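*Asks:* Quick one: the structure is below, questions incoming.
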Amino acid sequence: MLKRLLIDTAYKINTSNNYTKTKHFFYNLLENGDYRYKKVFDLFMIALIFSSVFILIREVKSHVNDEFLFFNNYVISVIFFIEYMLRFWVSSSVTEIIIKQSEHDALLGDKFRFLRALRKILHAKLKYVISFKAIIDLLAILPFFHQLRLLRLFILFRVFKLFRYAKSIQVFVSVISAKKFEFITLLVFASIVVFVSSVLIYVMEANNPASPINTLFEAVYWSIVTISTVGYGDITPITEAGRVVAMFVIVAGIAVFSFTTSLIVTAFTEKLDEIKDTKLINDISSIKEFYLICGYESVSKEVAKKLMQNSRVIILEENLQKVLQAKKDGFFALNYDPGSIESYRKLRINIEAQVKAIICLSHSDVENVYTTLTIRSFNKDVFILSILKNKANRNKLVFAGVNELFYEKELVGMVAREFVGKPVAFEAIHALRFSYNGVDMQEIVVSERILDSFTSVGELENKKYRVVLLGIYKKSENEFMFNPPDSTILELGDYLLVIGNTQFIKEFTNNLHKRKQ
Amino acid sequence: MEKIALIFGYNDYTFEIEKNIKFHYEKIYIYALDEEMAQKESYGYEIQTFDLSENWDELRRSVEIDECVAFCMLEDMAENIFLTISLRDTFKNLKIVALSQDKESADKLLLAGATTILPTTQTTANVIVEMLEKPIITEVLHNILYEKSNLKIAQIRVSSIESFDGLYPSDIDWSREHGVIVLSVVREDKSAEFIYSSKAKHHQIKTGDVFVVVGYDKDIVDFEKLLGGGCD
Numbered sequence: 120m121l122k123r124l125l126i127d128t129a130y131k132i133n134t135s136n137n138y139t140k141t142k143h144f145f146y147n148l149l150e151n152g153d154y155r156y157k158k159v160f161d162l163f164m165i166a167l168i169f170s171s172v173f174i175l176i177r178e179v180k181s182h183v184n185d186e187f188l189f190f191n192n193y194v195i196s197v198i199f200f201i202e203y204m205l206r207f208w209v210s211s212s213v214t215e216i217i218i219k220q221s222e223h224d225a226l227l228g229d230k231f232r233f234l235r236a237l238r239k240i241l242h243a244k245l246k247y248v249i250s251f252k253a254i255i256d257l258l259a260i261l262p263f264f265h266q267l268r269l270l271r272l273f274i275l276f277r278v279f280k281l282f283r284y285a286k287s288i289q290v291f292v293s294v295i296s297a298k299k300f301e302f303i304t305l306l307v308f309a310s311i312v313v314f315v316s317s318v319l320i321y322v323m324e325a326n327n328p329a330s331p332i333n334t335l336f337e338a339v340y341w342s343i344v345t346i347s348t349v350g351y352g353d354i355t356p357i358t359e360a361g362r363v364v365a366m367f368v369i370v371a372g373i374a375v376f377s378f379t380t381s382l383i384v385t386a387f388t389e390k391l392d393e394i395k396d397t398k399l400i401n402d403i404s405s406i407k408e409f410y411l412i413c414g415y416e417s418v419s420k421e422v423a424k425k426l427m428q429n430s431r432v433i434i435l436e437e438n439l440q441k442v443l444q445a446k447k448d449g450f451f452a453l454n455y456d457p458g459s460i461e462s463y464r465k466l467r468i469n470i471e472a473q474v475k476a477i478i479c480l481s482h483s484d485v486e487n488v489y490t491t492l493t494i495r496s497f498n499k500d501v502f503i504l505s506i507l508k509n510k511a512n513r514n515k516l517v518f519a520g521v522n523e524l525f526y527e528k529e530l531v532g533m534v535a536r537e538f539v540g541k542p543v544a545f546e547a548i549h550a551l552r553f554s555y556n557g558v559d560m561q562e563i564v565v566s567e568r569i570l571d572s573f574t575s576v577g578e579l580e581n582k583k584y585r586v587v588l589l590g591i592y593k594k595s596e597n598e599f600m601f602n603p604p605d606s607t608i609l610e611l612g613d614y615l616l617v618i619g620n621t622q623f624i625k626e627f628t629n630n631l632h633k634r635k636q
Numbered sequence: 009m010e011k012i013a014l015i016f017g018y019n020d021y022t023f024e025i026e027k028n029i030k031f032h033y034e035k036i037y038i039y040a041l042d043e044e045m046a047q048k049e050s051y052g053y054e055i056q057t058f059d060l061s062e063n064w065d066e067l068r069r070s071v072e073i074d075e076c077v078a079f080c081m082l083e084d085m086a087e088n089i090f091l092t093i094s095l096r097d098t099f100k101n102l103k104i105v106a107l108s109q110d111k112e113s114a115d116k117l118l119l120a121g122a123t124t125i126l127p128t129t130q131t132t133a134n135v136i137v138e139m140l141e142k143p144i145i146t147e148v149l150h151n152i153l154y155e156k157s158n159l160k161i162a163q164i165r166v167s168s169i170e171s172f173d174g175l176y177p178s179d180i181d182w183s184r185e186h187g188v189i190v191l192s193v194v195r196e197d198k199s200a201e202f203i204y205s206s207k208a209k210h211h212q213i214k215t216g217d218v219f220v221v222v223g224y225d226k227d228i229v230d231f232e233k234l235l236g237g238g239c240d
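Chains as they are written, first to last, in our numbering: chain A, 120 to 636; chain B, 9 to 240.
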């Protein structure tokens, strides 16, 4: 009966929207590096840590107000305690463990084994409690019991909490831990040298009344100071045998020092690419909107160059040499295969929210088809544009899900047609299309703000601004209206197609957005 | 006015060029490099062959070169440049339109004597970017340029300035008075000025000016009559 109640409650909690949302929110806040409010939370905690340490330092030689002490001992401690409990809560799900156990037992036809579930819960929670970070968190709360003077020093543990909030420290720790084995070896070697040299120096020097080394502690202290290459000089061996030991420790010290340095450097070098990649991924997730170019060829270079004037562009290319070339050309290029789902997962690209359009510009139709199919397998809506290399593959690309495709040879043919037909008109249109001589052609969307002041074409006064109104694209009728009469009514979402000097168009647009007095 | 097109090179570009220009020329001759011909079928085209060491005597005998435009469409840029320089060396006044894959070869082709360049990469990149950044403009211009709607673009030479004597292009409300939109005016010295540019503003309409206009067929015909000229 009690077991039944327990399972029902577990299901109820687990399916509760409020509970899931709340837990998810706290998980994101505490553990999810991509959550936008986590940064704010981390900064808040870092500020608490520093204020706590500042009060501790100030308290050593000066009087600190009772309010500050109260803040330090109680407020901060309580906040840390709440944080500790929240982390304890989100570290694992008790209800899920119970549900899993009950389902597992039901599947095997057994009764619900409560004790086994309890053991799993305890194991999961204990695993968290004894983790390094959780221990630091717990020690940081201890200054709450400020009556115990020693415990006040535990405030320093709060500094260790910085590991949680400062990313660079986390990176450093991860780099060092990658060379754990080498560091342990080094530590063992250094310990042996310290142990042997301490005993030797003690044996050589302790019986000499002129020697400053009288106890084993002093011998160990001397060994550590010497091996670390610090060498204070407050304790020095005076016997010949003692000096021989000192020479041995000095040489060992240099070896330990250089080995440590080279280990850290190697660890960083090895991890450098990974660190850079992580930074890149973070950079990408912070970009709001961008074009994604798949494949780096000569067309990609031109397209990227033009798109970069108004938008952000990211290039995905499988070939490392081409990626390096793209970087050299000044683009944001990544060595990832655009035809692999794994690439998009790793880069954490949110195609729906971030990508304006995907442009497949690889050198072969096969690769462009493959990339298109890859993207379509997880996103049906993103706009995909592809280049077509061989006319025979047109249907394949369309079938794969490309929205728009361009056949290079056909374009050249069309350009040739215009050239032989109307060369002057052709030049004029091309000058407009590519904004030569500062003359540009732009689309201005009719917004509510524009409609507040302008209701018909006649009111626009485009001639006053030396701007040609080629026509209006009527959204409601989905058609282009060339040279519209002055009486044409403007509607929300219509596009005004204007031609003119870039600066004049800008002034004209500004005037449209300015409310009429 | 050229009546004959000579297309050098036998590849996918050739088919597209031939398809798009055949209505404009009375005769089109296609010349394939010997090795190109060996690899391809003729697909019904009447193909003649040439090699890069030609001295073009045969060509001179078979066509009136002053009536020709040459399209150098070899995909290998080094060969295309060599072909262009070879044609220019032999025919000083021949109009040569040459295919170029990149900026570097475009510069070399111009040095070699090409009159006009058809830049493949640039063209493709421009069209792609336009399509993405200004989709509506692209569609409208595409329809105008390739006459897929009733709208047309025309270049009209001014023969009679009676109606516009002493006037400046920007003085006249072309769109309301004549139903056409004047985009630019090309002067006799071939300098093209956008209708509202400061230069055009200070330049009176003269005989010989070419107006680049967009409008419906009927309005363009009426406008031609008014200017006393014809479509170029």
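All residues carry an ideal CB built from backbone N, CA and C; glycine is no exception.
Treat the numbers as computed from the prediction; the structure is a model and nothing was measured.
Leaving out five residues before and five after ALA423 (chain A) in sequence, what residues of the same chain have Cβ atoms less than 7 Å from its Cβ?
*Replies:* Within the first sequence, the letter at position 304 stands for residue 423 (chain A). Counting only Cβ-Cβ distances below 7 Å, and skipping sequence neighbours, we find ILE412, VAL432, ILE434 and PHE450.
*Asks:* In chain B, which residues lie with their C-beta within 8 Å of the C-beta of ARG513 (chain A)?
*Replies:* Translated into the one-based positions of the first sequence, residue 513 (chain A) becomes position 394. Ordered by position in chain B, no residue passes the 8 Å Cβ test against ARG513 (chain A), which lies about 13 Å from the chain.
*Asks:* Can you pull the chain B residues whose beta carbon is under 9 Å from the beta carbon of ILE468 (chain A), in chain order?
*Replies:* The residue you call residue 468 (chain A) lines up with position 349 of the first sequence. Simply none; closest approach about 18 Å.
*Asks:* So, does the region 436-444 of chain A touch the region 371-387 of chain A, judging by three or more C-beta pairs under 8 Å?
*Replies:* No, because fewer than three Cβ pairs between the region 436-444 of chain A and the region 371-387 of chain A fall closer than 8 Å, the two stretches do not touch.
*Asks:* Find the nearest neighbour of PHE31 (chain B) within the set A:ARG155, A:VAL539 and A:VAL209, judged by alpha-carbon distance.
*Replies:* Translated into positions along the second sequence, residue 31 (chain B) becomes position 23. The candidate whose alpha carbon is nearest that of PHE31 (chain B) is A:VAL539.
*Asks:* Residues of the region 414-436 of chain A with a CB closer than 7 Å to any CB of chain C: list them in chain order, please.
*Replies:* Although the question refers to chain C, the structure presented lacks it and instead comprises the protein chains A and B.
*Asks:* Among A:LYS180, A:PHE302 and A:SER250, which residue has its Cα nearest to the Cα of ILE383 (chain A)?
*Replies:* Here residue 383 (chain A) corresponds to residue number 264 of the first sequence, with the count starting at 1. Looking at the Cα atoms, A:PHE302 is the closest of the given residues.
*Asks:* My parser needs the alpha helix (DSSP H) runs of 4 or more residues fully inside the region 289-357 of chain A; what are they?
*Replies:* Within the region 289-357 of chain A, the complete alpha helix (DSSP H) runs of at least 4 residues are 299-324 and 335-346.
*Asks:* Helix or strand or just coil, what does DSSP make of ASN191 (chain A)?
*Replies:* Within the first sequence, the letter at position 72 stands for residue 191 (chain A). Helix at ASN191 (chain A).
*Asks:* Using a Cβ-Cβ distance under 9 Å, would VAL229 (chain B) count as near chain A?
*Replies:* Counting from one through the second sequence, the residue named residue 229 (chain B) turns up at place 221. Output row for VAL229 (chain B): interface = no.
*Asks:* Note down, in chain order, every chain B residue with its Cβ under 7 Å from the Cβ of MET533 (chain A).
*Replies:* Position 414 of the first sequence, counting from 1, holds the residue named residue 533 (chain A). Those are ASN28 and TYR154, listed as they occur along chain B.
*Asks:* Using a beta-carbon distance cut-off of less than 7 Å, what residues from the region 599-610 of chain A approach chain B?
*Replies:* PHE599, PHE601 and ASN602
*Asks:* Would a C-beta distance cut-off of 9 Å place GLU141 (chain B) and SER575 (chain A) closer than the cut-off?
*Replies:* Counting from one through the second sequence, the residue named residue 141 (chain B) turns up at place 133. Counting from one through the first sequence, the residue named residue 575 (chain A) turns up at place 456. Contact: no.
*Asks:* Between THR348 (chain A) and ILE369 (chain A), is the Cβ-Cβ spacing less than 9 Å?
*Replies:* Position 229 of the first sequence, counted from the first residue, corresponds to residue 348 (chain A). Position 250 of the first sequence, counted from the first residue, corresponds to residue 369 (chain A). Taking 9 Å as the Cβ cut-off, THR348 (chain A) and ILE369 (chain A) qualify as a contacting pair.
*Asks:* Could you tell me which of A:ALA472, A:ILE506 and A:GLY520 sits nearest to MET494 (chain A), measuring between CA atoms?
*Replies:* As a position in the first sequence, residue 494 (chain A) is number 375, starting the count at 1. Residue 494 (chain A) is actually Ile in this sequence, not Met. Closest by alpha carbon: A:GLY520.
*Asks:* Along the chain, where does the alpha helix (DSSP H) containing GLY372 (chain A) start, and where does it finish?
*Replies:* Start at 1 with the first residue of the first sequence, and residue 372 (chain A) comes out as number 253. Taken as a continuous stretch (DSSP letters only), the alpha helix (DSSP H) holding GLY372 (chain A) covers 359-405.
*Asks:* Within 10 angstroms of its Cβ, does TYR351 (chain A) collect 16 or more other Cβ (buried), or is it exposed?
*Replies:* Taking the first residue of the first sequence as position 1, residue 351 (chain A) is located at position 232. Exposed is the call here.
*Asks:* Quick one, which of B:GLU10, B:LEU60, B:VAL166 and B:LYS27 has its alpha-carbon nearest ALA40 (chain B)'s?
*Replies:* The residue given as residue 40 (chain B) occupies position 32 in the second sequence. It is B:LEU60.
*Asks:* Helix, strand or coil: how does DSSP classify TYR463 (chain A) here?
*Replies:* For the purposes of this step, residue 463 (chain A) is identified with residue 344 of the first sequence, where counting begins at 1. Helix, per DSSP.
*Asks:* Starting from the beta carbon of THR129 (chain B), find every residue of chain A whose beta carbon is closer than 9 Å, and list them in chain order.
*Replies:* For the purposes of this step, residue 129 (chain B) is identified with residue 121 of the second sequence, where counting begins at 1. Simply GLU416, SER417, VAL418, LYS420, GLU421 and GLU527.
*Asks:* Select from the region 482-508 of chain A all residues with a C-beta closer than 7 Å to any C-beta belonging to chain B, and list them in chain order.
*Replies:* LEU504 and ILE506
*Asks:* I want to know whether the region 314-321 of chain A touches the region 400-417 of chain A - three or more CB-CB distances under 8 Å.
*Replies:* no
*Asks:* Only counting runs of 3 or more residues, tell me where the beta strand (DSSP E) segments fall wholly within the region 599-630 of chain A, in order along the chain.
*Replies:* 614-620
*Asks:* Taking the DSSP output, what are the residues bridged to GLN561 (chain A)?
*Replies:* To locate residue 561 (chain A), count along the first sequence from 1; it is residue 442. BP columns for GLN561 (chain A) point to A:VAL617.
*Asks:* Counting contacts by CB-CB distance shorter than 9 Å, is HIS210 (chain B) in contact with chain A?
*Replies:* Locating residue 210 (chain B) in the second sequence gives position 202, where the first residue counts as 1. No - not a single Cβ of chain A is within 9 Å of the one on HIS210 (chain B).
*Asks:* With distances taken from CA atoms, which of A:ILE460, A:VAL587 and A:LEU439 is nearest LEU643 (chain A)?
*Replies:* Missing from the structure shown is residue 643 (chain A); chain A here goes from 120 to 636 and no further.
*Asks:* Within a Cβ cutoff of 6 Å, which residues of the same chain sit near LYS116 (chain B), ignoring the five residues on either side of it in sequence?
*Replies:* Counting from 1 along the second sequence, the entry for residue 116 (chain B) is found at position 108. The residues are ILE89.
*Asks:* Does any residue of chain B have a CB that is nearer than 9 Å to the CB of GLU596 (chain A)?
*Replies:* Counted from its first residue, the first sequence places residue 596 (chain A) at position 477. Residue contact check for GLU596 (chain A) against chain B: no CB pair falls below 9 Å.
*Asks:* Pull up the distance between the alpha-carbon of PHE160 (chain A) and that of MET204 (chain A), whole angstroms please.
*Replies:* Counting from one through the first sequence, the residue named residue 160 (chain A) turns up at place 41. Counting from one through the first sequence, the residue named residue 204 (chain A) turns up at place 85. One C-alpha to the other measures close to 16 Å.
*Asks:* Taking VAL137 (chain B) as the query, report the chain A residues whose CB atoms sit under 7 Å from its CB, ordered along the chain.
*Replies:* Position 129 of the second sequence holds residue 137 (chain B). Correct list: VAL422, LYS425 and LEU426.
*Asks:* Is it buried or exposed for TYR410 (chain A), if we count other Cβ within 10 angstroms and need 16 for buried?
*Replies:* Position 291 of the first sequence holds residue 410 (chain A). The residue in question, TYR410 (chain A), is buried, as its Cβ has 16 or more Cβ neighbours within 10 Å.
*Asks:* Return the CA-CA distance between GLU10 (chain B) and LEU234 (chain B), expressed in angstroms with no decimal places.
*Replies:* Locating residue 10 (chain B) in the second sequence gives position 2, counting from the first residue. Locating residue 234 (chain B) in the second sequence gives position 226, counting from the first residue. If you take the alpha carbons of GLU10 (chain B) and LEU234 (chain B), they lie about 28 Å apart.
*Asks:* With H, G and I counted as helix, E and B as strand and the rest as coil, what does DSSP make of VAL90 (chain A)?
*Replies:* Within the shown structure, residues of chain A are numbered from 120 to 636, placing residue 90 (chain A) beyond reach of any answer.
*Asks:* Contact between the region 94-103 of chain B and the region 132-148 of chain B is defined here as three or more beta-carbon pairs at a separation below 8 Å; is this criterion met?
*Replies:* no
*Asks:* Quick one: what does DSSP say GLY121 (chain B) is sitting in, helix, strand or coil?
*Replies:* Within the second sequence, the letter at position 113 stands for residue 121 (chain B). Note: GLY121 (chain B) maps to coil in three-state DSSP.
*Asks:* Going by the beta-carbon positions, is the gap between PHE599 (chain A) and VAL148 (chain B) smaller than 9 Å?
*Replies:* To locate residue 599 (chain A), count along the first sequence from 1; it is residue 480. To locate residue 148 (chain B), count along the second sequence from 1; it is residue 140. Yes, Cβ-Cβ distance for PHE599 (chain A) and VAL148 (chain B) is below 9 Å.
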